[in-house]
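Just so we're aligned, residue 52 is where the sequence shown starts under this note's numbering, counting upward by one. Every residue gets a Cβ at the ideal spot worked out from N, C-alpha and C, and that includes glycine. I have placed the structure first, in the form of structure tokens, so that the comments after it can refer back to it.
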Amino acid sequence: MRDQELKVQTTCPYCGVGCGVDISGTPDDVAPVAGMKTHPANFGRLCVKGSALHNTLGPDDRLLHPTLNGCQTSWDVALNLVADKIRQVISTHGPDAVAFYGSGQLLTEDYYVANKLMKGFIGSANMDTNSRLCMASAVASYKRSIGSDTVPGCYEDLEQTDLLVLTGSNAAWAHPILFQRMTAAKKARPEMKVVVIDPRKTATCDLADLHLPIKPGSDTTLFNALLTYLHQQDALDNEFIANCSENIEAALEAASGAARDFAELAAITDVPEQDLETFFTWFKDTPKTVSFYSQGVNQSVDGTDKANSIVNLHLATGRIGKPGACPFSITGQPNAMGGREVGGLANQLAAHMDFSPADRDRVRRFWNSPAVAEKPGLKAVDLFSEVKSGKIKFLWVMSTNPLVSMPDADDVKEAMKHCELVVVSDCMANTDTTAAAHVLLPAASWGEKNGTVTNSERRISRQRGFLPSPGEARPDWWIISQVAQRMGYEEEFSYDHPSQIFDEHARLSSFENNGSRDFDLSGLVGMSQDQYDALAPIQWPVNEEYPEGRARFYDDGRFYTASQKAKFIPVSAEAPVRKESISSDTLNMNTGRVRDHWHTMTRTAKAAVLARHIAEPYADFHPEDAMRLGIRDNKLVRIFNDRGQIVVRAQVRTDQAQRKGEVFVPMHWTSRYASQARMGALINKDNDPISGQPALKMSDVQAEAYPTQWEGFLLTARDLGPLDTDYWVYNVTDSAHMYEISGQNDPVEFMASIRNKFAANKWLMFSDPANLHYRLCLIEDNKLQAVLFVHKDYDFSSRQWLIDTFAQDELSMQDRRAILAGRPLGKQEDKGAIICSCFQVGENSIKEAIAGGCGSAEELGKSLKCGTNCGSCIPELKSLIAKYQPAEAVE
Ligand SMILES: Nc1nc2c(c(=O)[nH]1)N[C@H]1C(S)=C(S)[C@@H](COP(=O)(O)OP(=O)(O)OC[C@H]3O[C@@H](n4cnc5c(=O)[nH]c(N)nc54)[C@H](O)[C@@H]3O)O[C@H]1N2
Ligand SMILES: Nc1nc2c(c(=O)[nH]1)N[C@H]1C(S)=C(S)[C@@H](COP(=O)(O)OP(=O)(O)OC[C@H]3O[C@@H](n4cnc5c(=O)[nH]c(N)nc54)[C@H](O)[C@@H]3O)O[C@H]1N2
Ligand code: SF4
Ligand SMILES: [Mo]
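Structure (structure tokens):
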């Protein structure tokens with residue numbers, strides 16, 4: 052079977068774009084993946100993360116067996132223990148002492164079963180998920196205004212629009228294939244305008260006609276002022292307002308206090324008056340407008356209001372449900388939308404039903420369940436507080452890594468110590484969260500799992516398995532159903548294939564629906580397993596009226612509120628209230644994503660091609676802040692507050708990408724990959740009062756240089772785990788494991804600690820103690836085992852030649868001499884930091900090509916191939932051209 056030819060179509064497990072992926076090769080040797088040409092999300096393209104999927108499939112780091120307190124156990128023992136504990140906690144403390152914390156990365160079928168068990172059979176609604184950190188504000192705002200959690204538009208709207216406003220979205224890095232579609236649309240119609248509203252100048256700004264580097268948190272004021280302006284200019288759609296909406300007066304009244312004039316608005320938002328005027332005029336004059344928004348909106352203390360201030364603008368101008376015109380909240384995770392459909396958040400029941408008596412009764416009858424939860428459960432931040440207070444005695448974390456991603460992550464760590472039983476289902480063995488669990492359950496991973504996901508435009512696609520699971524790993528739906536069965540619910544959870552779960556989910560969506568609920572899959576009820584296996588991507592709803600799915604909602608002007616009219620939501624124009632306030636000696640820490648890593652890196656860190664784009668955790672500083680604080684570019688910096696500290700590399704941004712008084716830190720690095728970079732420990736718990744979504748983009752921190760005695764790097768043939776020094780960062784390369792290292796400690800002691808990790812002790816060494824300069828290597832059977840370079844202040848950027856040396860089967864005398872000399876003998880190319888991951892083109896090569904006359908991304912592509920596959924690096928190619936182009940070539 053292992054040499055059977057694979058021909059499978061599946062869906063990318065990363066972002067909410069939901070691209071189709073073609074799998075070929077054999078289970079033992081999966082070929083480089085390709086974009087699925089017929090998938091309506093990507094039409095054959097894949098971004099750099101998607102293109103590297105086959106590199107992440109290896110068994111390294113996988114959790115292979117159930118464990119109990121660190122010791123391997125059987126599934127039977129583990130499942131019985133979990134089921135018994137839940138039953139015992141319910142009978143002693145009631146159902147609300149049980150909690151699940153899930154993820155938008157579960158498949159719909161996994162998610163459905165988890166939600167059903169918690170809300171229908173345990174009888175509590177304490178099932179929240181990492182989606183609370185992600186799009187809870189977007190959900191709350193849609194429900195307040197349009198009556199249901201429905202994304203009104205579709206991806207084609209992003210191409211058909213005349214004005215695309217991206218707010219708090221770095222789509223170039225976070226939703227790359229949509230960004231490419233936007234880029235292609237603008238190229239085809241250069242008159243299409245793009246505005247980016249983001250405090251930082253990101254790669255997304257590459258596409259922008261106008262960038263508003265807004266003061267963080269002032270978006271609501273900006274949008275309220277725009278609503279007032281449109282009203283004053285008589286630019287509202289009065290017919291739509293009269294026929295299809297209610298409550299505009301209250302919204303206009305609330306908005307009117309935003310700012311008296313452009314001057315005042317400029318002072319509040321920190322954006323030049325002229326740019327504000329340009330934006331307002333474009334918005335007024337362009338009926339086809341799409342507002343595309345993401346975490347800069349949702350992860351705010353007023354995230355729901357921010358989102359509603361955007362929806363208000365679209366209602367006021369009737370720009371909803373029309374081709375090229377809608378408010379478009381983009382989701383992050385591959386199945387954030389599927390989670391919303393099954394009711395995966397603590398304040399939803401199931402299938403877009405809530406906790407009204409009628410909904411509860413309907414769901415109870417459908418599930419034939421003993422005890423449907425009576426009221427919404429605890430939202431993530433409160434849920435972990437109750438774990439800490441001891442009220443929650445049993446916690447089951449599935450497919451998420453809260454010890455990194457939750458605000459005040461050390462407090463979450465502490466909370467888990469107070470819980471009687473913490474169960475974690477994960478596919479990886481070594482995460483911050485698995486380290487805190489009593490019971491670990493090995494989950495099947497992408498490539499092994501079978502089910503459905505829904506992307507950001509409501510399109511349901513199949514994720515299909517093509518590999519056997521390693522060890523004893525099992526799909527999440529199976530694990531959860533087994534626990535349910537052992538709690539006594541054999542019949543209600545007797546699934547043996549995900550198609551049965553999907554069918555039940557589809558039937559619930561249509562149960563007593565009769566057009567009253569947007570989410571309706573009646574057209575997919577009763578599929579055979581073969582039909583399910585063959586299901587082509589389709590946008591919900593799928594019912595009698597829309598048998599082929601529906602691209603746009605609200606094209607008929609009818610909404611899901613009681614009156615069927617959309618509701619304007621008055622939102623306060625006050626500056627957001629924060630418990631923390633920035634003082635003159637603190638910086639505002641903003642956090643977010645980098646191009647080539649996914650969240651807590653459990654998957655992307657396995658692909659050497661992805662590790663090379665940004666190899667270390669970093670912090671971006673404005674040059675004046677750096678100067679004031681004595682922080683130097685490319686040196687280590689300590690960022691800290693009362694909650695914790697991180698040590699990362701400083702980047703002093705001289706390209707005006709970073710605002711003064713603010714610092715940006717990527718969210719990805721964890722204790723598995725770096726000594727001190729788990730930024731979640733610094734984040735405060737402020738959250739939106741309506742959605743409960745934490746304000747993850749705003750925390751007070753201080754920063755100072757982190758002086759070390761020495762710096763260096765270590766390459767080894769095997770993974771050594773954490774190292775004994777202040778600063779280390781771990782990456783895989785094609786042929787070796789690599790650590791960036793630095794320390795305040797004695798380098799000789801550190802070197803000894805490394806040497807002790809190897810049985811063999813025939814190290815070759817160059818040493819110059821007076822200058823703190825050492826080069827060591829260990830060679831066994833004529834193969835390199837380890838190379839360690841240490842120096843007090845040295846540029847180690849050139850080392851690809853050493854990584855290549857690791858791949859050699861035989862080392863020559865010349866190789867040995869080169870290692871001790873610290874440089875390649877003879878001419879070897881040094882590519883520099885990898886910019887194009889697909890073709891491994893480095894900054895040095897690009898610099899050379901630019902000096903040689905390449906003046907555009909296309910020309911660089913022709914010369915070096917960079918940017919010609921997935922295109923994710925094109926914004927960076929353009930900024931390198933701006934950086935390195937010979938002065939006379941710049942007009
Ligand atoms: N490469 C990669 N792609 C991903 C992910 C990943 O981990 N890696 N994760 C996926 C997930 S789950 C999500 S949710 C999405 C997130 O996708 P995005 O939301 O696009 O990504 P972020 O980098 O979190 O934040 C976006 C921007 O918000 C800006 N911002 C901060 N504060 C404010 C503010 O007050 N106002 C405004 N207007 N902007 C502000 C930040 O500067 C940042 O550039 O990405 C998805 N795609
Ligand atoms: N400061 C700050 N914090 C943030 C954010 C931010 O912008 N700034 N963004 C927030 C957002 S939007 C998000 S979505 C979260 C993401 O944060 P997390 O959800 O905590 O991050 P992931 O790394 O995606 O965690 C997924 C875990 O599930 C495992 N896993 C993968 N597939 C499966 C599977 O099929 N089954 C099981 N059981 N396990 C699996 C992975 O190995 C990994 O350990 O972070 C949030 N936290
Ligand atoms: S844009 Fe990239 S990460 Fe997102 S689904 Fe497509 S290939 Fe995957
Ligand atoms: Mo997210």
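8 Å CB neighbourhood of residue i in its chain, flanking five on each side removed
i	result
Arg113	Cys478, Met479, Ala480, Pro493, Ser496, Pro521, Gly522, Ala524
Leu209	Leu215, Leu229, Arg232, Met233, Ala236, Val341, Phe343, Phe379
Met87	Gln60, Cys70, Gly71, Val72, Asp73, Asn93, Gly95
Ile886	His664, Val892, Gly893, Glu894, Ile897, Cys917, Cys924, Glu927, Leu928, Leu931
C-beta contact flag for residue i and residue j at 8 Å
i	j	result
Asp257	Ala223	yes
Phe445	Val140	yes
Cys205	Arg654	no
Met449	Gly153	yes
Asp671	Gln696	no
Ala286	Lys335	yes
Gly372	Val504	no
Arg183	Leu396	yes
Ser561	Asp571	yes
Ala402	Leu559	yes
Ser351	Gly268	yes
Lys657	Thr107	yes
Leu273	Ile265	yes
Simplified DSSP assignment, three categories, for residue i
i	result
Ser102	helix
Leu771	coil
Pro798	helix
Asn641	strand
Trp814	strand
Lys357	helix
His788	strand
Leu115	coil
Thr77	strand
Trp779	strand
Tyr825	strand
Leu364	helix
Lys444	coil
Val941	For Val941, the predicted model reports a pLDDT of 40, less than 50, meaning its position is unreliable and no value from the coordinates is stated.
Met388	helix
Cβ shell of residue i (< 6 Å), same chain only, five flanking positions each side left out
i	result
Ser507	Gly67, Ile381, Thr382
Leu575	Ala557, Val593
Val780	Glu667, Ala725, Glu791
Leu104	Val84
Thr485	Val475, Asp477, Leu491
Cys828	Leu815, Val838, Ile870
Ala302	Asn363, Phe619, Pro621
Ser345	Gly219, Ser220, Ile381
Sequence-distant residues of its chain with Cβ nearer than 7 Å to residue i (five each side left out)
i	result
Val941	The pLDDT assigned to Val941 is 40, lower than 50, so where the model puts this residue is not dependable, and the model offers no usable value.
His262	Val247, Lys252, Cys256
Trp761	Ser793, Gly794, Pro798, Leu823, Val841, His842, Lys843
Gln707	Lys252
Glu947	Nothing about residue 947 can be reported from this structure: the residues present for the chain run from 52 to 942 only.
His719	Val645, His648, His650, Thr651, Met652
Chain C within 8 Å of residue i, Cβ atoms only
i	result
Pro408	Of the chains in the structure shown, none is chain C; there is only one protein chain.
Complete alpha helix (DSSP H) runs within the stretch 265 to 316 (minimum length 4 residues, chain order): 270 to 283, 289 to 295, 299 to 306
Count the CB pairs spanning the stretch 457 to 467 and the stretch 417 to 437 that are closer than 8 Å, and state whether there are at least three. yes
Contiguous beta strand (DSSP E) assignments of at least 3 residues, all confined to the stretch 322 to 354: 340 to 344
Whole alpha helix (DSSP H) elements within the stretch 117 to 179, 4-residue minimum: 126 to 144, 159 to 167
Is the stretch 854 to 864 close to the stretch 805 to 820, with three or more CB pairs under 8 Å? no
Does the count of Cβ pairs from the stretch 360 to 374 and the stretch 166 to 177 closer than 8 Å reach three? no
Could you pull out every unbroken beta strand (DSSP E) segment of at least 3 residues lying fully inside the stretch 499 to 563, listed in chain order? 502 to 505, 510 to 514
Restricting to runs no shorter than 3 residues, where is the beta strand (DSSP E) found entirely within the stretch 466 to 502? 472 to 477, 490 to 493
Entirely within the stretch 573 to 632 and at least 4 residues each: give me those alpha helix (DSSP H) ranges in chain order. 580 to 584
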